[in-house]
Amino acid sequence: YNPGNPPWENAEGTGAWGSDHTCPIAVACAGDHAFLGWPHSEGGAPVIGVSATTLKKVWHGPGNFRGVPAGATALAANSRHLYCVHRGGAPATGAAEPLLTLRDLHTGVVVRNVQLKSLVPDYRSPTGLPMHHHGVANLANARDYFYAADGGLRDIAVTEDVVAISLSGNDRILMLDAESLDKIRDWAVSSPESIAFGPKGRLYVVTEEQVIRFDTDTGERNVAVTPGIGKYGAIAVDAAGHLYVADLGPD
Numbered sequence: 036y037n038p039g040n041p042p043w044e045n046a047e048g049t050g051a052w053g054s055d056h057t058c059p060i061a062v063a064c065a066g067d068h069a070f071l072g073w074p075h076s077e078g079g080a081p082v083i084g085v086s087a088t089t090l091k092k093v094w095h096g097p098g099n100f101r102g103v104p105a106g107a108t109a110l111a112a113n114s115r116h117l118y119c120v121h122r123g124g125a126p127a128t129g130a131a132e133p134l135l136t137l138r139d140l141h142t143g144v145v146v147r148n149v150q151l152k153s154l155v156p157d158y159r160s161p162t163g164l165p166m167h168h169h170g171v172a173n174l175a176n177a178r179d180y181f182y183a184a185d186g187g188l189r190d191i192a193v194t195e196d197v198v199a200i201s202l203s204g205n206d207r208i209l210m211l212d213a214e215s216l217d218k219i220r221d222w223a224v225s226s227p228e229s230i231a232f233g234p235k236g237r238l239y240v241v242t243e244e245q246v247i248r249f250d251t252d253t254g255e256r257n258v259a260v261t262p263g264i265g266k267y268g269a270i271a272v273d274a275a276g277h278l279y280v281a282d283l284g285p286d
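In structure tokens, the structure reads:
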């Protein structure tokens with residue numbers, strides 16, 4: 036489950052390279068660092084920072100928040116901070132309220148956090164799940180299982196100024212200030228899934244088996260034509276505005 040040396044956590048920070056129970060399902064990059072997130076952590080670390088040149092772990096986050104396991108199910112980074120969505124409890128108990136943490140990019144220290152249910156007045160909380168986390172060792176099952184446990188929170192994206200959060204289970208796109216994590220606004224979007232910022236601050240959103248370009252100032256939206264996609268997965272947009280789509284459909 037992790038190639039730490041030793042496998043257990045130690046004071047030097049060389050052990051417990053990642054987390055136990057599950058494989059990593061989240062990744063983000065910024066500057067010369069990469070970040071990996073595991074969705075469930077009783078031992079080890081749910082999120083780590085890795086040098087992009089040496090591939091060595093440079094920091095790791097704690098495996099627990101408030102005395103319960105806290106996996107990281109979504110990550111995004113800008114030039115200053117890493118943004119992590121953590122579960123606030125064990126999914127088998129139905130207590131998995133998502134918690135967003137803002138971390139220092141270079142040390143992993145948590146600067147501030149906010150519980151997402153406090154930002155959405157009619158927030159629909161996750162319900163208990165019949166399958167225990169020990170049964171989700173493969174990537175596809177882990178993603179579906181822990182996304183469901185987080186009330187349908189599917190993805191996060193960030194610019195230097197704004198954090199966007201895709202709340203599929205609540206049919207919302209939530210916009211937060213990237214520094215204070217204060218709520219700016221939210222938009223009604225039917226079952227939003229993967230999201231990514233493109234040039235000029237436009238947000239690209241997978242919704243109802245299509246990708247829409249979303250103006251986060253006005254709410255204006257239009258469809259980005261993506262022919263031949265079998266099943267939409269993660270998306271990304273480069274600086275030139277080129278859209279990349281992971282196709283999870285059949286070959």
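If you read the sequence shown in this note's numbering, its first letter stands for residue 36, the second for the next number, and so on.
Here a beta-carbon is modelled for each residue, glycine too, at the ideal position from N, C-alpha and C.
Endpoints, the beta strand (DSSP E) within which residue i is located
i	result
residue 190	188 to 193
residue 230	227 to 232
residue 239	238 to 242
residue 150	145 to 150
residue 139	133 to 139
9 Å Cβ cutoff met for residue i and residue j
i	j	result
residue 96	residue 85	no
residue 154	residue 211	yes
residue 78	residue 47	no
residue 149	residue 139	no
residue 258	residue 280	no
residue 230	residue 189	yes
residue 201	residue 191	yes
residue 195	residue 248	no
residue 238	residue 269	no
Residues bridged to residue i (per DSSP)
i	result
residue 283	DSSP, once it has assigned bridges, lists no residue as partnering residue 283.
residue 211	198, 218
residue 92	85
Nearest to residue i (by Cα), restricted to the options the options
i	options	result
residue 205	275, 194, 213, 151	151
residue 61	109, 90, 40, 89	109
residue 106	92, 93, 74	74
residue 143	209, 253, 93, 88	93
residue 156	213, 120, 218	218
Residue i (DSSP reduced to helix, strand or coil)
i	result
residue 52	coil
residue 271	strand
residue 263	coil
residue 45	coil
residue 205	helix
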